[in-house]
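Whatever position you read off the sequence shown (first residue = 1), add 55 for our numbering.
We put the beta carbon where it would ideally sit given N, CA and C, even for glycine.
Everything on this sheet refers to the single structure shown next.
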Amino acid sequence: MSETPFILHSSYEPLGDQPRAIDELTDGILSGRKQQVLLGATGTGKTFTIANVINRVNRPTLIVSHNKTLAAQLYEEMKELFPKNAVSYFVSYFDYYQPEAYIPARDIYIEKDSARNADLDRLRLAATCQLLSRRDAIVVSSVSCLYGLGSPSAYRNRVLEVARGATLDRRAFLLGLNAMQYTRNEVAPERGNFRVRGDCIEVYPAYEKYAIRVDLFGDTVETIELFDPLTGEVLAQETKTYIFPAVHHVMPEGQKAAALKAIREELDARVLQLRSEGKLLETQRLISRTKHDLELIEETGFCGGIENYSRHFDGRSEGERAWTLLDYFRACPNSPAKDSEN
Numbered sequence: 056m057s058e059t060p061f062i063l064h065s066s067y068e069p070l071g072d073q074p075r076a077i078d079e080l081t082d083g084i085l086s087g088r089k090q091q092v093l094l095g096a097t098g099t100g101k102t103f104t105i106a107n108v109i110n111r112v113n114r115p116t117l118i119v120s121h122n123k124t125l126a127a128q129l130y131e132e133m134k135e136l137f138p139k140n141a142v143s144y145f146v147s148y149f150d151y152y153q154p155e156a157y158i159p160a161r162d163i164y165i166e167k168d169s170a171r172n173a174d175l176d177r178l179r180l181a182a183t184c185q186l187l188s189r190r191d192a193i194v195v196s197s198v199s200c201l202y203g204l205g206s207p208s209a210y211r212n213r214v215l216e217v218a219r220g221a222t223l224d225r226r227a228f229l230l231g232l233n234a235m236q237y238t239r240n241e242v243a244p245e246r247g248n249f250r251v252r253g254d255c256i257e258v259y260p261a262y263e264k265y266a267i268r269v270d271l272f273g274d275t276v277e278t279i280e281l282f283d284p285l286t287g288e289v290l291a292q293e294t295k296t297y298i299f300p301a302v303h304h305v306m307p308e309g310q311k312a313a314a315l316k317a318i319r320e321e322l323d324a325r326v327l328q329l330r331s332e333g334k335l336l337e338t339q340r341l342i343s344r345t346k347h348d349l350e351l352i353e354e355t356g357f358c359g360g361i362e363n364y365s366r367h368f369d370g371r372s373e374g375e376r377a378w379t380l381l382d383y384f385r386a387c388p389n390s391p392a393k394d395s396e397n
C-alpha cells in the first residue's frame with residue numbers, strides 16, 4: 056500500500072479565522088471527537104479550510120455532498136488542491152433508471168430498465184481501487200456511499216499481482232481475470248476486457264483510462280507496459296502492477312455452492328408463500344427469473360442484478376445491512392477506521 060502523504064498545493068495561506076478553525080478541527084479529529092461543524096458564509100474558504108485539515112490529519116477521507124453537481128465541483132477543487140494524491144469521485148452511475156413494477160388491474164409487468172454511464176462507473180471502481188491500494192485517498196461522494204456494494208474483502212482477495220521477472224501461470228492468470236468479470240475480446244477490446252496474442256496479454260482495467268500489456272517469456276514476466284488503448288502509445292514501463300476486479304460484486308472464492316444453495320432455499324420458501332396466497336402468475340415469474348439468474352451465476356459467476364443476491368454471497372443474515380463504500384475505508388490497511396466508527 057502506498058504511504059504517500061497528503062501534499063496540499065496552494066499559493067494561498069490560511070487567513071482570518073481559518074487558522075483557528077483548522078487547528079480546532081484537527082485537534083477534534085485526533086482526539087476522537089465524533090461530530091464537528093464548520094460554519095461559514097459563501098466564499099469564506101470552507102473547502103480550503105477542510106483541505107488544510109485533511110493535509111494535517113493525513114488519513115483517507117470521505118467527503119459527502121447532497122447532490123452530484125456539488126460533488127463534481129468539490130471533486131474538481133480537491134484535485135487542484137491535491138494533484139499528487141488519489142482524489143476520486145463516487146456517485147450513482149445511472150443516466151436512466153426505471154424500477155420494476157406490476158399493474159394488477161391490467162396484469163402488466165414492467166421489467167427494470169436502466170442505462171449506466173461508463174465514465175461514472177469507471178470513477179466508482181477507481182475510488183474503491185485507490186482506497187485499497189493507497190492511504191492518501193480522498194473520495195468525494197453523494198449519498199451513493201450509503202448504498203450497497205460487494206464485500207471489500209472478496210473484492211480485495213480477487214486482486215491479481217503481476218511483477219516483472221516473476222513466474223506467472225498463464226492459465227491461472229486468465230481464469231483469475233474471468234473470475235473478476237473481465238471478458239475476453241480479441242477484436243475490439245474496451246474497458247473491462249482482455250485479449251491474448253501469443254505470449255502477450257493485454258488487460259483493459261475497468262477503472263483506468265490506460266491498458267496494461269504483460270509480455271511473457273515462457274512462464275516469466277518479461278515486461279509490463281501501460282499503454283493508450285486508442286493510439287497504442289506506451290505510457291510507462293512498470294516493475295509491478297495490480298489488477299482489480301471489473302465489478303464491485305465479485306464471487307468470493309469457495310462461496311458459490313453455498314450461495315446457490317441458500318438462494319434455492321429462499322426461492323422454495325417464497326414459492327410456497329405465493330402459492331398459498333393464490334398468486335400463481337407471480338410464482339411462475341419468480342421461478343423463471345431466479346432460475347435464469349442461477350444458471351448464469353453457476354456458469355459465469357455473475358448475472359444482471361446480482362446485488363439482489365449479495366446477502367447469500369456475503370454470508371449475511373436476513374435484515375443485516377449490506378456492505379457500503381464506508382466499509383472500504385475500514386478495509387484500508389493501517390486505517391484508524393478499522394478500530395473506530397468515527
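I need the straight-line Cα distance from residue i to residue j, nearest angstrom please.
| i | j | result |
| --- | --- | --- |
| G118 | S343 | Reading the sequence as shown, one finds Ile at residue 118 and not Gly. Going by the C-alpha atoms only, they are around 42 Å apart. |
| E132 | A76 | 20 Å |
| L70 | G98 | 13 Å |
| L315 | E155 | 24 Å |
| C255 | Q292 | 15 Å |
| G356 | Y364 | 12 Å |
| L322 | T345 | 8 Å |
| G253 | R161 | 57 Å |
| E186 | I279 | The amino acid at residue 186 is misidentified as Glu; the sequence shows Leu. Rounded to whole angstroms, L186 to I279 spans 23 Å at the Cα level. |
| G360 | G205 | 12 Å |
| L308 | R226 | Before going further, note that residue 308 is Glu rather than Leu in the sequence given. If I take the Cα positions, the gap works out to 17 Å. |
| L271 | Q236 | 23 Å |
| R53 | R340 | Any question about residue 53 goes unanswered here, given that the chain covers just 56 to 397. |
Cβ atoms of residue j and residue i: under 7 Å apart, would you say?
| i | j | result |
| --- | --- | --- |
| N107 | P60 | no |
| F299 | V289 | no |
| A141 | R189 | yes |
| I193 | K139 | no |
| K89 | G95 | no |
| V302 | V217 | no |
| P207 | A377 | no |
| S147 | S199 | yes |
| A243 | E257 | no |
| M276 | L230 | In the sequence as displayed, the identity of residue 276 is Val instead of Met. No. |
| G203 | E375 | no |
| D150 | N172 | yes |
| Q91 | L80 | yes |
| Q201 | T338 | Checking the sequence shown, residue 201 turns out to be Leu, not Gln. Not a contact, by the Cβ cut-off of 7 Å. |
Comparing C-alpha positions only, which one of the options sits nearest to residue i?
| i | options | result |
| --- | --- | --- |
| K167 | Q153, V326, R179 | Q153 |
| K123 | S196, E241, E373, A173 | S196 |
| G247 | L381, K311, L232 | L232 |
| V214 | D224, F228, G220, D72 | F228 |
| I284 | R250, A317, A313, M306 | Reading off the sequence, residue 284 comes out as Pro, not Ile. Closest by alpha carbon: R250. |
| E353 | M306, R366, G360 | M306 |
| A181 | L380, Y164, A261 | A261 |
| L349 | L335, F368, L336 | F368 |
| D238 | A221, R219, Y259 | Contrary to the premise, residue 238 reads as Thr rather than Asp in this sequence. When each option's Cα is compared against that of T238, the closest is Y259. |
Please classify residue i as buried or exposed, where buried requires at least 16 neighbouring CB atoms within 10 angstroms.
| i | result |
| --- | --- |
| R179 | buried |
| R211 | buried |
| P115 | buried |
| H304 | buried |
| H47 | Because the chain here runs from 56 to 397, residue 47 falls outside it and cannot be looked at. |
| D394 | Low per-residue confidence applies at D394: pLDDT is 43, beneath 50, and the placement is therefore not dependable enough to give any value. |
| F384 | buried |
| A126 | buried |
| C184 | buried |
| T286 | exposed |
| T296 | buried |
| E396 | Interpretation of E396 is limited by its pLDDT of 41, a score under 50 that renders its predicted location unreliable; the figure taken from the coordinates is listed afterwards. So E396 ends up on the exposed side. |
Under the DSSP definition of a beta bridge, which residues are partnered with residue i?
| i | result |
| --- | --- |
| E216 | Y297 |
| L285 | Looking at the DSSP assignment, L285 forms no beta bridge with any residue, so it has no partner. |
| A291 | L281 |
| Q310 | DSSP output for Q310 lists no bridge partner at all. |
| Q153 | D168 |
Is there a Cβ from chain D that is less than 7 Å from the Cβ of residue i?
| i | result |
| --- | --- |
| V194 | Included in the structure is just one protein chain, with no chain D present. |
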